[in-house]
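Chemist: What follows is a structure written as structure tokens; I'll ask about it next.
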Amino acid sequence: MPPIKIYQVGHIPSPLRRIWNAFTDNPFAFAGFWAICCLILLALFGPLIAPFSAAHQDPQALLLPPSWDPAGTVEHFLGTDDLGRDIFSRLLHGAHLTFGMALAIVATALVIGFVIGSISGMMTGLKSSILSHLLDALLSIPSLLMAILVVAVTGPGLSNVFWAVGIALTPQFVRAIHQAVHEELQKEYVTAARLDGANPLQIFWYVILPNILDTMIIQTTLGISAAILDIAALGFLNLGAQAPSPEWGAMVAQGLDNLLTAPWTVTIPGVAILCCVLAINLVGDGLRSALSPIRH
Amino acid sequence: MARYLARRLNLFFATSLVLFVVMFSVTAKFPVDHTVALTGIHAPTAEEQASINEAYRLDKGQVSQFIAYLEQRLSGNLGISVTSQNPVFNELTAVLSASFELAFVAGAIALLLGIPLGVLASLSKHKITQHTIMAITLTGYSIPVFWLGLSLSLWFGVRLGWLPISGQINLLYEIKPVTGFLLIDILLWDSRYAWSAFVDALQHIVLPAVTLAVLPFTVVVRITRSAMMSIMEKTYIKAAEARGLRTYTIVMRHALPNAFIPVLKNLGLMLGAFASYAIVVEVIFSWPGVGAWLVSGIYQRDYTVIQGGILAVALIIIFLSILIEVLHTAINPLSRKELYAAH
Numbered sequence: 001m002p003p004i005k006i007y008q009v010g011h012i013p014s015p016l017r018r019i020w021n022a023f024t025d026n027p028f029a030f031a032g033f034w035a036i037c038c039l040i041l042l043a044l045f046g047p048l049i050a051p052f053s054a055a056h057q058d059p060q061a062l063l064l065p066p067s068w069d070p071a072g073t074v075e076h077f078l079g080t081d082d083l084g085r086d087i088f089s090r091l092l093h094g095a096h097l098t099f100g101m102a103l104a105i106v107a108t109a110l111v112i113g114f115v116i117g118s119i120s121g122m123m124t125g126l127k128s129s130i131l132s133h134l135l136d137a138l139l140s141i142p143s144l145l146m147a148i149l150v151v152a153v154t155g156p157g158l159s160n161v162f163w164a165v166g167i168a169l170t171p172q173f174v175r176a177i178h179q180a181v182h183e184e185l186q187k188e189y190v191t192a193a194r195l196d197g198a199n200p201l202q203i204f205w206y207v208i209l210p211n212i213l214d215t216m217i218i219q220t221t222l223g224i225s226a227a228i229l230d231i232a233a234l235g236f237l238n239l240g241a242q243a244p245s246p247e248w249g250a251m252v253a254q255g256l257d258n259l260l261t262a263p264w265t266v267t268i269p270g271v272a273i274l275c276c277v278l279a280i281n282l283v284g285d286g287l288r289s290a291l292s293p294i295r296h
Numbered sequence: 001m002a003r004y005l006a007r008r009l010n011l012f013f014a015t016s017l018v019l020f021v022v023m024f025s026v027t028a029k030f031p032v033d034h035t036v037a038l039t040g041i042h043a044p045t046a047e048e049q050a051s052i053n054e055a056y057r058l059d060k061g062q063v064s065q066f067i068a069y070l071e072q073r074l075s076g077n078l079g080i081s082v083t084s085q086n087p088v089f090n091e092l093t094a095v096l097s098a099s100f101e102l103a104f105v106a107g108a109i110a111l112l113l114g115i116p117l118g119v120l121a122s123l124s125k126h127k128i129t130q131h132t133i134m135a136i137t138l139t140g141y142s143i144p145v146f147w148l149g150l151s152l153s154l155w156f157g158v159r160l161g162w163l164p165i166s167g168q169i170n171l172l173y174e175i176k177p178v179t180g181f182l183l184i185d186i187l188l189w190d191s192r193y194a195w196s197a198f199v200d201a202l203q204h205i206v207l208p209a210v211t212l213a214v215l216p217f218t219v220v221v222r223i224t225r226s227a228m229m230s231i232m233e234k235t236y237i238k239a240a241e242a243r244g245l246r247t248y249t250i251v252m253r254h255a256l257p258n259a260f261i262p263v264l265k266n267l268g269l270m271l272g273a274f275a276s277y278a279i280v281v282e283v284i285f286s287w288p289g290v291g292a293w294l295v296s297g298i299y300q301r302d303y304t305v306i307q308g309g310i311l312a313v314a315l316i317i318i319f320l321s322i323l324i325e326v327l328h329t330a331i332n333p334l335s336r337k338e339l340y341a342a343h
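Protein sequences, first through last, are from chains E and D.
Going by UniProt numbering, the first sequence opens with residue 1, and the numbers climb by one from there.
Going by UniProt numbering, the second sequence opens with residue 1, and the numbers climb by one from there.
As structure tokens, this is what we get:
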């Protein structure tokens, strides 16, 4: 026999649950969330489901239009490029280069930025200002210039993109986290904790950290979309991923020779980048508005 | 305020010094002879080698070398270009003005269109208008700039044939450089073709400027909208409404000046991304600016050009971002509170 409910029990959702509910209430953000989940799966398993390999050249099918065009075939769903390589397969192979590398770069930048930003944010006076302003010099070098500098020293290649974009992104994380910590430090609940006898480490870990998590999440989504655009731009300028690579920006650059006769070789990788960044920005926007009632 | 200005100036010098240290140590790592990386002179004669050694104090310690490097670079000696054998400084001044022109036009488009649209988006009560504007800005924010530039030039340049897609002006016109800024030079040009040259130059600038304006435009719309929405809730706006002021007056006199403050702040934060976008746009539209010059420099491994270009662009960005910060403090009394509070 089930227990009889005598009292009306009001269920109060936890803060995390409330953020999730606010986030899922926004259909666009939720769609973006699913798109990102699919992209992560594609970045991991894309090469397994791709019908052709990235370098497979079919001399019978040069510059084939996409399948919805009367001249296209279903076999090459998104058409082929000037060497007869299947664009759909190359997109799948390139997902982990463009999207996966952006995730790796942002994760690295987040860890480094978190350590430096929270140390410099907790400190006051001259030390803090030296640490934060030192990075302003790096922040003032745009990511593309940084990449040009790295390429000048080491030569082009995909691994250099990691360093170039990473060095350009890290100061942004440092600055955002530094400012967030610094702002929280002024508030009265931190003073209350200090009066209770908490040491700086406890103040940081138990008092400040939960309150700067939202800043970190938002900065991360911004960082990922910036990293994808930077990686693609470097690939396009031939400074990042080199010619046969299926990196999406490099694919646009390779299609450039056939822009007039076969515009889909440029359009389709571009649309892929656009959708990828759009999904991330949708999630970022949704998270921002879901977190904002807590922030204010 | 004077103390604040002194601190900002100090920050400018300190940041520039760090930049020079970074450039100095990177120059030593370029995969060519150190003298070539510093001066751009291939196979110098014995006298040239001696004068290079003396100018850059190559026989002294690292600190002494750095001071010599700083002296040379600050006196305008950026070496000569490895490929064209011209002084890098002269090439730099020629390309910088073209870049400034493009950036200025793009920035003007973004501000002139972005602020009114942001205000409209914040005032409109229609869900559809709001969603449309937000969707457009989010797409504009996510679009890869090189792809946008290519698509625009494919449609408006090639398919429709409305606008030229490369260069700054038709080669038929030979404009004497006076100020370096082409549009101003044409207006100063005393010729009966001046007007047609001006129209031609304007047509050339449309596509690159529109492509470059997309990023700042979307940022301006979004920031203006969110700032206006929070300001319109404030009690002083309610008070102005209660006094019976017209909406136009309320928006223009009381709300917009306050909404401009966060826009200004974000313009400063956006400078780096804007410069990156400008480089790509210049490459796509063959705009003879510093970005296209730098990228061709890296293709040819022209190390003096790379150094000079990066130094110039980074110094300009440091200067502008500090200038915007000072302006932000000057027009925003609230941020001055933090100046005097001790923490």
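Ideal placement from N, C-alpha and C gives every residue a C-beta, glycine not left out.
Computed from a predicted model, the values in this text were never measured in an experiment.
If we call anything under 9 angstroms between Cβ atoms a contact, is E:A241 one with E:L169?
Modeler: no
Chemist: I'd like to know if E:L278 contacts chain D, where contact means its C-beta is closer than 9 angstroms to some C-beta of that chain.
Modeler: yes
Chemist: Between which two residues does the alpha helix (DSSP H) holding D:K29 run?
Modeler: Note, D:K29: alpha helix (DSSP H), 2-29.
Chemist: Residues in its own chain within less than 6 angstroms of E:T265 by CB, not counting five upstream and five downstream?
Modeler: D81, G255, N258, listed in sequence order.
Chemist: Beta carbon of D:Y69, beta carbon of D:T39: below 9 angstroms?
Modeler: Not a contact, by the Cβ cut-off of 9 angstroms.
Chemist: Using a beta-carbon distance below 9 angstroms, is E:T108 in contact with chain D?
Modeler: no
Chemist: Do residue 344 of chain D and D:I250 have their C-beta atoms within less than 9 angstroms of each other?
Modeler: Absent from the structure is residue 344 of chain D, since the part of chain D shown begins at 1 and ends at 343.
Chemist: Out of E:T215, E:E188, E:L222, which one is the CA nearest neighbour of E:L282?
Modeler: E:L222
Chemist: In the DSSP output, which residue or residues are listed as bridge partners for D:L80?
Modeler: The sequence shown places Ile at residue 80 of chain D, rather than the Leu named in the question. D:P87, per the DSSP bridge assignment.
Chemist: Within 8 angstroms, do at least three Cβ pairs link the region 4-15 of chain D to the region 273-289 of chain E?
Modeler: no
Chemist: Would you tell me roughly how many angstroms separate the C-alpha atoms of D:T93 and E:W205, rounded to the nearest one?
Modeler: 51 angstroms
Chemist: Of all the options D:V82, D:H126, D:L17, D:P257, which has the alpha carbon lying nearest to the alpha carbon of D:P44?
Modeler: Selected option, being the one with the closest Cα: D:V82.
Chemist: Check whether the Cβ of E:V151 lies closer than 9 angstroms to any Cβ atom in chain D.
Modeler: yes
Chemist: At the level of alpha carbons, what is the spacing between E:A107 and E:I231?
Modeler: 15 angstroms
Chemist: Using 8 angstroms for Cβ pairs, my map puts E:S225 next to D:S276. What's the rounded Cβ distance?
Modeler: No, E:S225 and D:S276 are not in contact; Cβ-Cβ is about 14 angstroms, not under 8 angstroms.
Chemist: Would E:G46 count as contacting chain D if we go by Cβ distances under 9 angstroms?
Modeler: Chain D, which has no Cβ nearer than 9 angstroms to the Cβ of E:G46, makes this no.
Chemist: Within 10 Å of its beta-carbon, does E:G46 have 16 or more other beta-carbons around it, so buried, or fewer, so exposed?
Modeler: buried
Chemist: Output the distance between the C-alpha atoms of E:V271 and D:S230, rounded to the nearest integer angstrom.
Modeler: 35 angstroms
Chemist: Does chain D have any CB closer than 9 angstroms to the CB of E:N258?
Modeler: no
Chemist: Compute the Euclidean distance between the alpha carbons of D:L113 and D:D302, then round it to the nearest angstrom.
Modeler: 39 angstroms
Chemist: Assign D:T39 to one of three DSSP states: helix, strand, or coil.
Modeler: Reduced to three states, the DSSP call for D:T39 is helix.
Chemist: For D:M102 and E:V165, I'd like the C-alpha separation in whole angstroms.
Modeler: Strictly speaking, residue 102 of chain D in this sequence is Leu, with Met absent from that position. When rounded, the distance between both Cα atoms is 25 angstroms.
Chemist: Report the partner residues of E:D86 according to the DSSP bridge assignment.
Modeler: E:T80
Chemist: Using a Cβ-Cβ cutoff of less than 7 angstroms, which residues in the same chain neighbour E:L64 once the five nearest sequence positions on both sides are dropped?
Modeler: G72, T73, H76, G79, T80
Chemist: Residues in the same chain with beta-carbon distance under 8 angstroms from E:S236, minus the five sequence neighbours each way, listed in chain order, please.
Modeler: In the sequence under discussion, the amino acid at residue 236 of chain E is Phe, which differs from the Ser named in the question. The beta carbon of E:F236 is closer than 8 angstroms to those of G249, A250, V252, A253 in its chain, skipping five residues each way along the sequence.
Chemist: Check each candidate in E:F30, E:A31, E:M146, E:G113 and name the one with the smallest Cα separation from D:V22.
Modeler: E:M146
Chemist: Since I believe D:G297 is in contact with D:I306 (beta carbons under 8 angstroms), could you give me their beta-carbon distance rounded to a whole number of angstroms?
Modeler: 5 angstroms
Chemist: As a quick exercise: from D:T329, D:G157, D:L311, D:L315, pick the residue whose alpha carbon is nearest that of E:L149.
Modeler: Answer by Cα proximity: D:L311.
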